[in-house]
Amino acid sequence: MLSNYVKNLKSYVLLLLLISIQLNALSSIEVSKEGSLSVLEHSSLHIESEKLDIHQIIEHDYLKEYSYRHFDIGISQKDTVWIGFELSNNTNQTIEKALVLSSPLLEKIELYHENNLTNPRLRGVSYPQPDHSTLSYYYNIQLNAKSSVKYYMKVYAHYVPLNFSIYLTDEAQFKKADGYRQLINSLLMGIVLALILYSFILYFYTNDKSYLFYSLYLFMLTYQQFTYLGLTQIYFQDFARLDIELTVLKLGGLMLTSAFFAISFLRIRKVKKLYRVYKVFIAIILLESLVMSFPTFYNIQIVLVTAILFIILNLFSGIIRYVQGERQSRLYIIGFGTIFMAYFLMILDALGILGVVERFPNIIMYATVIEAFVLLLAFADRYKILQKQKDEMVQQREQIIKNEVIEQTAKLNQALKSKELLIKEIHHRVKNNLQIILSMIRLQNDKITDKSISEQFLNLESRINAIAKTYTMLLIDGNIEHLDMEEYIESLVEDIDEAMCINCDITIQTNIEGTLPLNKSVYVGIIINEIVTNAYKYAFTNGQGHIYISLKQTKNAYVLIVGDNGKGFVPNLQSHTLGLKLINALVLEQLKGEMTMQTKNSTQYTIRFTL
Numbered sequence: 001m002l003s004n005y006v007k008n009l010k011s012y013v014l015l016l017l018l019i020s021i022q023l024n025a026l027s028s029i030e031v032s033k034e035g036s037l038s039v040l041e042h043s044s045l046h047i048e049s050e051k052l053d054i055h056q057i058i059e060h061d062y063l064k065e066y067s068y069r070h071f072d073i074g075i076s077q078k079d080t081v082w083i084g085f086e087l088s089n090n091t092n093q094t095i096e097k098a099l100v101l102s103s104p105l106l107e108k109i110e111l112y113h114e115n116n117l118t119n120p121r122l123r124g125v126s127y128p129q130p131d132h133s134t135l136s137y138y139y140n141i142q143l144n145a146k147s148s149v150k151y152y153m154k155v156y157a158h159y160v161p162l163n164f165s166i167y168l169t170d171e172a173q174f175k176k177a178d179g180y181r182q183l184i185n186s187l188l189m190g191i192v193l194a195l196i197l198y199s200f201i202l203y204f205y206t207n208d209k210s211y212l213f214y215s216l217y218l219f220m221l222t223y224q225q226f227t228y229l230g231l232t233q234i235y236f237q238d239f240a241r242l243d244i245e246l247t248v249l250k251l252g253g254l255m256l257t258s259a260f261f262a263i264s265f266l267r268i269r270k271v272k273k274l275y276r277v278y279k280v281f282i283a284i285i286l287l288e289s290l291v292m293s294f295p296t297f298y299n300i301q302i303v304l305v306t307a308i309l310f311i312i313l314n315l316f317s318g319i320i321r322y323v324q325g326e327r328q329s330r331l332y333i334i335g336f337g338t339i340f341m342a343y344f345l346m347i348l349d350a351l352g353i354l355g356v357v358e359r360f361p362n363i364i365m366y367a368t369v370i371e372a373f374v375l376l377l378a379f380a381d382r383y384k385i386l387q388k389q390k391d392e393m394v395q396q397r398e399q400i401i402k403n404e405v406i407e408q409t410a411k412l413n414q415a416l417k418s419k420e421l422l423i424k425e426i427h428h429r430v431k432n433n434l435q436i437i438l439s440m441i442r443l444q445n446d447k448i449t450d451k452s453i454s455e456q457f458l459n460l461e462s463r464i465n466a467i468a469k470t471y472t473m474l475l476i477d478g479n480i481e482h483l484d485m486e487e488y489i490e491s492l493v494e495d496i497d498e499a500m501c502i503n504c505d506i507t508i509q510t511n512i513e514g515t516l517p518l519n520k521s522v523y524v525g526i527i528i529n530e531i532v533t534n535a536y537k538y539a540f541t542n543g544q545g546h547i548y549i550s551l552k553q554t555k556n557a558y559v560l561i562v563g564d565n566g567k568g569f570v571p572n573l574q575s576h577t578l579g580l581k582l583i584n585a586l587v588l589e590q591l592k593g594e595m596t597m598q599t600k601n602s603t604q605y606t607i608r609f610t611l
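The numbering of the sequence shown is the UniProt record's numbering, which starts it at 1 and goes up by one.
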């Protein structure tokens, strides 16, 4: 038991000795200095992928001196870096600082204190923090007066580039600067989202798929940048880890929407060989997105190489189409050339070849805004070009068919005149025939002594007169297709009043609007004739009363109202009369409308129908 205790004690002493030897080689960082203090250039580090723990790192002396302000190996098989550094406070006051890691994409960050190597402080995408509100991850560091503390840090990034810098700064100043960065990012996102909406509206009104594909492309780019800039890690922490793992799918979606936009906007289908190249790239992108999204086959380097080749293809496609005479390609070259440089630099940064995103994290968003405004000009230019081409084609077609149109128009005019004369002659003969029928009915009625039979003849005469009146009005107006309903109905009720009003004082008020085709006007005339005739016969007990007729037109819908201030009637008692049957048949079967009746104390018919 005692021997085990002594053995363990020796192990701890040896470990502390190794820690002391390792970090004594480091230059201590004085935290009392003003401004931002770089940590990496005063640290030691070790890159590995063997999943070592802190004890192994210290025991085997893996940490080696590092003298650069920034660490950048891009996306690599070695996805973990260990860092050791010492902080000193030589003042007589306790000092608090923010230890900041510049990259918002780091998946796991573990900070070890020299006196606590078992419980690290955790940060990063994989360790959501309820109070996380900054783009960059940071630790609050507090150093007592006249003290030095040694720290170890483990940084892990598998799905995203492993590049970052570490610095010490005042926490309030850091949060202020970070808030300003968030404001700039939000403004840029807002501009791009507005352009997305604008492009989608243009697609909705023009049905040009270029606008749709461009809005989808901007959406995919915004989605990718939302995480790349650290906004997802603030506002959607629970989703951030999964979102990082979808990197291949997001890049695939970005390339696909960009490809479809280029094919549509540059009209790539007209160049068969170039179109085949695009189809090959689309197939490769789809295959990579499906296969390399699985952790077993994950290889972002291959996807990035494909992305480099693809953006080169997009740029040269614009140049090729411009050389071939596609004028709208010139602004595409300018706009995509801007984003091409940003993409190219970002991909080189992700591969660890060139470090530029550290200094310009918003480079893609600025380039996107510039590209979007240039392409909006391109859309306007495209519209002008297409409009000009359309005008030229219209002029050519007009020139080709001008003589033929004149000749055919003359023939049609002659045929139309002949048709109008024929229809007028038919209307005239129908009118004459109806007048003959009316005369025969009147002659026959004069010989009838039975009042009930005579009344039926009068009803028949009134109905035929309503039909004949339409043909009379057509011949008077000269319009063989439509009838002025105001003039027609007023003439009709005058005839009814002359025939029905004997020693009576009945006024008729009309409010008529619109015109109707011949067939519809006949039905409306018969309906009004039946209702008004019934009012004269049955509505007024003392021969005095008021009848009103209204016809209103709203677009293709009509509302006919005919009523009186008489005594009304019981619908069930008169529902089987010929007049009501005729009205119902005309409304429901001929006008395809609907009718409501109000018969208590007065009578009102409301009929609605459409053409």
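Yeah, the Cβ is synthetic: ideal placement off N, Cα and C, and Gly gets one too.
Count the other C-beta atoms from every protein chain shown that fall within 10 angstroms of the C-beta of His-55, then say buried if there are 16 or more, exposed otherwise. By the beta-carbon neighbour count (other beta carbons within 10 angstroms, threshold 16), His-55 is exposed.
Can we say the segment 206 to 223 touches the segment 268 to 281, given the rule of at least three CB pairs closer than 8 angstroms? no
Where does Asp-72 fall in DSSP's three states? strand
Return helix, strand or coil for Arg-267, following the three-state DSSP convention. Three-state result, Arg-267: coil.
First and last residue of the alpha helix (DSSP H) that includes Lys-520? Start and end: 518 to 534.
C-alpha gap between Leu-242 and Gly-74, whole angstroms: 20 angstroms
What did DSSP end up calling Phe-609 once you bin it into helix, strand or coil? It is a strand residue.
Tell me the start and end of each unbroken alpha helix (DSSP H) in the segment 328 to 353 that is at least 4 residues and wholly inside, in chain order. The qualifying runs are 329 to 350.
Can you give, in chain order, each stretch of the alpha helix (DSSP H) that sits fully within the segment 195 to 243 and has at least 4 residues? Counting whole runs of 4 or more residues, the segment 195 to 243 contains the alpha helix (DSSP H) stretches 209 to 228 and 231 to 235.
Please state the DSSP three-state secondary structure of Asn-115. coil
Could you tell me the alpha carbon to alpha carbon distance between Ser-293 and Val-248, rounded to whole angstroms? Spanning the two alpha carbons is a distance of roughly 6 angstroms.
For the beta strand (DSSP E) that Ala-157 lies in, which residues bound it at each end? It is not in any beta strand (DSSP E) - Ala-157 carries neither H nor E in the DSSP assignment.
Since Leu-287 is in the beta strand (DSSP E), which residue starts that stretch and which ends it? From DSSP, Leu-287 is part of no beta strand (DSSP E) but of the alpha helix (DSSP H) over 272 to 291.
Starting from the Cα of Gln-251, find the closest Cα among Val-277, Ile-282, Ile-263 and Ser-264 and give me that residue. The sequence given here places Leu at residue 251; Gln does not occur at that position. Looking at the Cα atoms, Ile-282 is the closest of the given residues.
Take Pro-161 as the anchor and find which of Thr-80, Val-524 and Val-323 has the nearest alpha-carbon. Ranking Thr-80, Val-524 and Val-323 by Cα distance to Pro-161 puts Thr-80 first.
Can you grab the Cα-Cα spacing for the pair Ala-172 / Leu-345, in whole Å? 32 angstroms
Note the first and the last residue of the continuous alpha helix (DSSP H) segment covering Glu-594. Per DSSP, Glu-594 belongs to no alpha helix (DSSP H); it is in the beta strand (DSSP E), 594 to 598.
Is the beta carbon of Asn-92 less than 8 angstroms from the beta carbon of Glu-30? no
Alpha-carbon spacing of Thr-596 relative to Gln-604, whole angstroms: 8 angstroms
Outcome for Pro-295 when other beta-carbon atoms lying within 10 angstroms are tallied against a minimum of 16: exposed
Taking 6 angstroms as the limit between beta carbons, can you name the residues of its chain near Asn-594, skipping five residues before and five after? Correcting the residue identity first, residue 594 is Glu in this sequence and not Asn. Only Arg-608 meet the Cβ criterion.
Just mark His-557 as buried or exposed, buried being the case when its beta carbon has 16 or more other beta carbons within 10 Å. With the sequence shown as reference, residue 557 is identified as Ala, and His is not the correct amino acid for it. Around the CB of Ala-557, fewer than 16 other CB atoms lie within 10 Å, so the residue is classed as exposed.
Hey, out of Phe-260, Ser-550, Tyr-275 and Leu-518, whose CA is closest to Leu-483's CA? Leu-518
Looking at C-alpha atoms only, which residue of Ser-329, Leu-231, Cys-501 and Cys-504 is the closest neighbour of Gly-105? The residue you asked about is not Gly; residue 105 is Leu in the sequence shown. Of the candidates Ser-329, Leu-231, Cys-501 and Cys-504, the one whose C-alpha sits nearest the C-alpha of Leu-105 is Leu-231.
Reference Phe-336, options Lys-51, Ile-527 and Val-374, closest by Cα: Val-374
Ile-506 lies in the beta strand (DSSP E); which residues open and close that run? Segment 505 to 512, the beta strand (DSSP E) holding Ile-506.
Rounded to whole angstroms, how far is the Cβ of Ile-141 from the Cβ of Lys-108, which I believe are closer than 8 angstroms? The Cβ separation is near 19 angstroms, so there is no contact.
Considering only the alpha carbon of each residue, which of Asn-565, Tyr-180 and Ser-36 lies closest to Ala-539? Asn-565
Report the rounded CA-to-CA distance for Asn-529 versus Val-493, giving the unit in angstroms. 8 angstroms
Would you please state the rounded distance, in angstroms, between the beta carbons of Asp-72 and Asn-163? I believe it to be under 8 angstroms. 4 angstroms
Cα-Cα, which of Val-125, Tyr-152, Pro-130 and Arg-121 is closest to Glu-114? Tyr-152
Kindly give me the distance between the Cβ atoms of Gln-590 and Tyr-523, rounded to whole angstroms, as I take these residues to be in contact under 8 angstroms. 5 angstroms
So, Val-39 versus Leu-122, is the Cβ gap smaller than 8 angstroms? no
Could you say which of Ser-289, Ser-136, Glu-407 and Arg-327 lies nearest to Lys-388 if we only look at CA atoms? Arg-327
Assigned exposure category for Asn-185 - 16 Cβ within 10 Å defines buried: Counting other Cβ atoms within 10 Å of its Cβ, Asn-185 reaches 16 or more and is therefore classed as buried.
Give the DSSP bridge partners of Thr-515, in chain order. Looking at the DSSP output, Thr-515 sits in a beta bridge with Asp-484.
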